[in-house]
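S.K.: Following this message is one structure expressed as structure tokens.
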């Protein structure tokens, strides 16, 4: 599939597709490309577990930041 922006842009869509953030038209166009592109299929397989991991990270409490080096030295 050739997009008006070039083949590279279609390949960059695999991450957005894996996360489910493409609109219906974009997803349909990418699925047509995916049917003929082994590289995108492999990338999609590698990204398949990404969404649950990101969701799990979103549920973690905010980490307490470490003090800046200057603050740490000033406290001594």
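In this note's numbering, the protein residues as written are 8 to 83. Note that CB positions come from ideal geometry on N, CA and C, so glycine has one too.
#1: Look up residue 59 in the DSSP assignment and say whether it is helix, strand or coil.
#2: Around the Cβ of residue 41, are there at least 16 other Cβ atoms within 10 angstroms (buried) or fewer (exposed)?
#3: With a threshold of 8 angstroms, are at least 3 pairs of Cβ atoms found where one atom belongs to the segment 30-46 and the other to the segment 56-71?
#4: Establish whether the CB of residue 63 and some CB of chain B are separated by less than 7 angstroms.
#5: Please name the residue in 39, 51 and 47 whose C-alpha comes closest to that of residue 26.
#6: Alpha helix (DSSP H) containing residue 41: first to last residue?
#7: Look up residue 16 in the DSSP assignment and say whether it is helix, strand or coil.
#8: Quick check: what's the CA-CA separation for residue 55 versus residue 66?
M.R.: Taking the geometry as given:
#1: Three-state DSSP puts residue 59 in a helix.
#2: buried
#3: no
#4: The chain labelled as chain B is not found in the depicted structure, where only one protein chain is given.
#5: 51
#6: 31-41
#7: helix
#8: 19 angstroms
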